[in-house]
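The letter at position 35 of the sequence shown is residue 35 when you use UniProt numbering, and the numbering goes up by one with no holes. For every residue, glycine included, the Cβ atom is placed at its ideal position computed from N, Cα and C.
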Amino acid sequence: MSEALKEAKVTRRNAKAALTRARKSLHHTIESKRPASEGRESLDKVKEAYEKLIERHEEFTKLIDDDTEFEKEESWFEECQEMFMRIEIRSKEYIDQTMDKVKSSIPPTTNVLFDASENHPGSVTDKSNGMIGIQLGGSQSVNTSVVNDKEDSQNTVVDSCGFKMEKPKMPKFVGDVREYAIFKADFKHAIESKYSTRDAITFLRTCLQGKPLELIKGIGTDYNAAWDYLDSIYGDPRVVSDTIMQDIVKFKPLRDDEDARFCELVHLVKPCYNTLKEIGVLGDMDNSLMLSLIEKKMCTDDRKNTDVRASISSVLHTQDALLPIISAEIGGQGLYKRGNILLDSGAQLTLIRSGTAESLGLDGKEVTITITKIGGEEEQTRTREFKVQVTSLVNKRSFVVKAVGIPQISDDIAGISKENAAKASLLTKEKIFRGSGPVDLLIGIDHARMHTGETRQSEHLVARNSPLGWVVFGTTASKGQEKGRLFFVNYAAPVDLSEFWSTESMGVSARSSDCSMDKLTQLEREEKKIIENSCKKVGNQWTIPYPWKTDPKLLPDNRSQAMKRLEATERRLMKNQANAKAYNEEMKEMEDMKFSRKLTRAELTKYTGPVHYISHHAVLKPEKKSTPLRIVFNSSSVYQGHRLNDYWLKGPDLLNNLFGVLMRFRENQVAISGDISKMYHRVLIPEQDQHVHRFLWRDMEIDREPDTYVKTVLTFGDKPAPAMAQIALRKTAEGGTESPRAAKTLKENSYMDYILDSLQTVTEAAQLTSEIDEVLTKGGFRIKEWRSNKDLKGTGEREREEVNVIKGSGEDKVLGIVWNTAEDSFKFKVQTEVMNSLNTTKWTKRSILSQIARIYDPVGFAASLLVSLSPRQPSYSRPTLCVFADASQEAFGACAYIRWSIENKEFDVKFIAAKSRVAPLKQITIPRLELQAAVLASRLQATIKEESRFEFEKTFMITDSAIVLAWIRGKVRRFKPFVSSRVGQIQSQTDQAQSKHIPSRHNLADDVSRGITVTELSGRWQSGPDFLRLPEEQWPQSELEPTQEEVDKECRKTMNVGAVVFTPSIIDGNRYSSWKKLVHVISWVFRLKKNLMAKIKQTHEPQPSQGPLNAQELEESRRYVIRQAQRSLQNRLLKNEFKMLSPFVDDEGIIRVGGRVDKAIVSYESKHPVLLPHDHSVSRLIMQDAHRCGHPGVATTVAKTRKNYWIVRGHDLAKTVKFKDLNVGEYHK
């Protein structure tokens, strides 16, 4: 044992002895029954001795290296800890018992009343704090508050000074989730220590009121189960946090002249902060987003005022925070520096200060980020993402993180005392590496491993052993630490234009691979089945209960919220008496038509089911002739974290294709349009669903309590209401078996509450409208009025009016498009005031695109502004569909026309639809853009054929790109992925034989891709190209043929792949000990082969060979073996590696060494020896054969070999052979 270890053990032993002495003193105090004050003093001494023992024990164990010895010492300390805990519990029980005896020994007295304004003998009035000092028995004094003489003297408790204090009242809870945590803490403190659980459940029921009391009625006497159930409903921190956030969101922003309301904001934020702190989710309040939200509620001047902002910030930051900062080596590109690193687990991105990245010479890729500052100010900037190496100062471990550069992460951090931090965090100061100055690197949760490690906690400080070393953070009692600035940084996300382009994609959207007939998902089919199975017919109306996915009993009673919303609605309506009168009339009409009903007091009292109130407000639509003012009910309002719409299933999307409905509406000569009157209000709901649709109203009589109403029908704005209404309409159509045509129209040609169709004659149209009316009546529906481009007698059609194209207040619309029945045309409404205002200002891209986006054009009429409505095809001809496609560098698009034969072999042409797309920002080749246009055309063609009731005789897809046409007619697999996928889609939707090529000047889609002026809109764009009115054989033909090179640019590159198979030699040379033996074996094998071939008559050998081997057979075998050995030299020969030897191949296919010795009088074999590789087994056998003759040295052995063979690196091989020969000789000796 070392000297340091012995010294530490002696020190710990002394500390243990001090603890033992203090424990014995405390024990003696308890046994002697000394006063409670002496017991507390003795207990404090024991605690002090125990804390010193802890410090000495940790200092001792740090010096122990052996794990077994360490565990032994820890067991010893656990015994000391148990001893301390036992004496601490016993002493606290003794102190409590002593205090109770003192209180019970004081006799009860009457309540003493004092008046602060009177001068009582022996009293001194302290005016500074409203307390009165009472002189009792000489030197002792006691302070008490002024007592109100109206308080009940019986409801008091005697304290140690003889005064009666009022008993605390039991806490109450009525269902506000904000108050639940405090209520629970107060109740448990007051009840659980004094009463059994059976009594506690009784007290709990007396403390609950309203909804919470109803929830635990069926629980019985299970006290813990009651708390568990209440916790599940009111104790979820997320619900409390959401509710508090909604309180702040709903706070009306301050105006510049509302200084008094600033205090209201502060008084709102402070309780919210305290509540979240109580439930342990303070981070939901104390963050940059919440600070930004609160600052948005302040007026402009207050946002600029630093003092005001600091006062709000001080509400959220009552203590100074010690951020998790650690110093480490930051490096990159060979440069390193010591910097401050902030480990922020609340950040989703890792950030680096731009100055640090620049000083380290880091180079990263460009990215775009959005910085949201306090107050909601956003700044989008271009920066770089770097790879940064971080090295610990403790263990020298290195980590690589990706960080986004920003100018500044936070304000400079102040230095701290390492001694104080070490003492507070139970660490030594050598383990704390924390600097001051700017934060160089912020590591977020995207590098989660950097936030892991052993954790220690001491009061409000936490120490974590992160991969970079110990980091200390938490709250401290120190003052004046600077607050850092807060930023919200994220990668800039692309703008979501999915909803904006949903209209543009109608008719040309990519088709899914779903093969089911109804095109519903499995979830939608299940929800549809639930709603259909619950439908019931009551009289001539459908009753459909809402599809609940969550128990409605969990809905809170939000009458207070509904009352506030009612008052706000009334204030708005009172500003316009006409609107207030119309609103009140709408309410009365709802009650008269039994869409709502007023609840009596008896119903309000007796009903025990779930209750929820929905707020309502007015929406003005002056252009609507039937309903210029509409009452809207808000089912998405949030109360205590609950939203009514979240409790329901959404239901399936049963709406028909809008593009197809409009197209079928334009097909035939007579168009009809009907609007179902108050469609949602024709579907009834059961009583339970009515009570979760309660609302308040008092006929604008604001000086009385409002009446309570319930909705008895579907409510517009409920999440499942569209699906429920559509299912009711479809079930009504299914019941109209006597009118199959009307039923089919209701199923296929309706869109929500609109019914559109077109027929050939006025008689058919009148009959169909009559049949639809009859079918709808059986389901409780009715048509408000029918509209048509023809005069339908007996249909109740109102007088036709000219539609004001520029601006008006009463245009009739068909699914959002203005329809002029007199002219049978669609028109588009333009706000001329907006256009005139733009003429006086500078035109920008934003202003131009804003005006374009105002035009609702699901079919593609907008390109011509005023387009004749209908193809209006005669009934005696099968039409032809022609779709054109074209592209330019700016845009690509497609347009479709219908063509049919009329009298005298003439043809008529009408516009059907058009779609266009802007070319991508990243430039692509014109052929690829033309292919994109062809894809658009194929989708448009497929949609028209699917949605139209026409039976097309032919369909043509026409383009002016010969390259695209060649691609379409080619094999898909030949092309690169971009072309291959699109060509495959086109081939699956069109007939390749009906794809045509025409010159560009005849391609009408050229107007879409390049644009035309307003004066050209009424030309061929509206009526179609002239050549379509000619027979097909007279259509223009293009003789342009693309070159094969242009077509093959998008073909895949073909790669020739050869498979190399290694065929092992029939006879392995490594298995033979001599060169002669190998040649003889090969010779015998060749003889066997010849003899077998002779027997099956495949050779001309007269007879099989017999007897010993002859010289010819041995020579053939030797040459064969040599050729096999030289196979590895072929590639090296081609690389000219042996040019110094002048190699050549003789007539037998053997590689020989050349040179200038042709005139020498020696044999051919000596002149041109066979070239062999040094690493082949044949070379080794030949070298061994030469060495065995006399076992000469290396030079002699090589010389003997080179008489007939030139072995590459022959000297090395000879050395190897000789060395092995010597070893064998030594072995035999």
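Distance between H1080 and K1089, taken at the CA atoms: about 14 angstroms. Counting only the Cα atoms, I1012 lies some 27 angstroms from W900. Rounded to the nearest whole angstrom, the C-alpha separation of V269 and K184 is 22 angstroms. Rounded to whole angstroms, the gap between the alpha carbons of I330 and D228 is 50 angstroms. M957: member of the beta strand (DSSP E) spanning K954 to T959, first to last residue.
Here L343 is buried. Its C-beta has 16 or more other C-beta atoms within 10 Å. For the pair G332 and V388, the CB atoms are nearer than the 7 angstroms cut-off.
Here E385 carries a strand assignment [DSSP, helix/strand/coil]. A contact between stretches requires three or more CB pairs, one per stretch, nearer than 8 angstroms, and the stretch 1026-1038 fails this requirement with the stretch 914-927. When secondary structure is reduced to three states using DSSP, D1185 falls in the helix class. Residue range S615 to L620 is occupied by the beta strand (DSSP E) that includes S615.
7 angstroms or more divides the Cβ of H681 from the Cβ of G609. Looking from the CA of R597, the closest CA among W786, F695, V1008 and Q726 belongs to F695. Note: N340 is bridge-paired with S327 in the DSSP secondary-structure output.
Unbroken alpha helix (DSSP H) stretches of 4 residues or longer found wholly inside the stretch 64-108: 67-105, given in chain order. When E930, E570, V972 and V1057 are compared, the shortest CA-CA separation from S1000 is found for E930. Per DSSP, I1207 lies in no alpha helix (DSSP H); the unbroken beta strand (DSSP E) holding it starts and ends at Y1205 to I1207. According to the DSSP assignment, Y546 belongs to no beta strand (DSSP E), since it is labelled neither H nor E. The residue among I279, Y583 and F251 with its C-alpha nearest the C-alpha of H267 is F251. Under the DSSP assignment, V979 falls in the alpha helix (DSSP H) whose first and last residues are P977 to Q989. Going by DSSP, Y754 is part of the beta strand (DSSP E) stretching over Y754 to L759. Excluding residues up to 5 positions away in sequence, V1079, I1082, S1083 and F1086 lie with their Cβ nearer than 7 angstroms to the Cβ of S1117 in the same chain. Between G717 and S637, the C-beta gap is not smaller than 7 angstroms, which leaves the two residues out of contact. The C-beta distance from A885 to A919 rounds to 14 angstroms, too long to fall under 8 angstroms, and the pair is not in contact. Under the 8 angstroms Cβ criterion, the stretch 643-654 counts as touching the stretch 703-723, having at least three qualifying pairs. Of the residues assessed, G1019 falls on the exposed side of the cut-off, its CB having fewer than 16 other CB atoms within 10 angstroms. Contact between the stretch 585-593 and the stretch 660-675 is absent, with fewer than three C-beta pairs closer than 8 angstroms. If you draw a straight line from the Cα of V619 to the Cα of N579, it is about 10 angstroms long. Residue burial annotation: K678 is buried, with at least 16 other C-beta atoms found within 10 angstroms of its C-beta.
Inter-residue distance for Q1130 and R1202 is about 21 angstroms (C-alpha atoms, whole angstroms). In the displayed model, C299 falls within coil according to three-state DSSP, outside both helix and strand. With respect to the 7 angstroms criterion, V1153 and P1169 are classified as neighbours on the basis of their beta carbons.
Under DSSP, L523 takes part in no beta bridge, so it has no partner. The beta carbon of P547 lies closer than 7 angstroms to those of E527, I530, I531, W648, L649, G651 and P720 in the same chain, with the five residues before and after it left out. DSSP, reduced to helix, strand and coil, places L293 within a helical segment of the structure shown. For F665, same chain residues with a beta-carbon under 8 angstroms away, outside a window of 5 residues either side, are A671, S673, N749, L756, D757, S758 and V814 in chain order.
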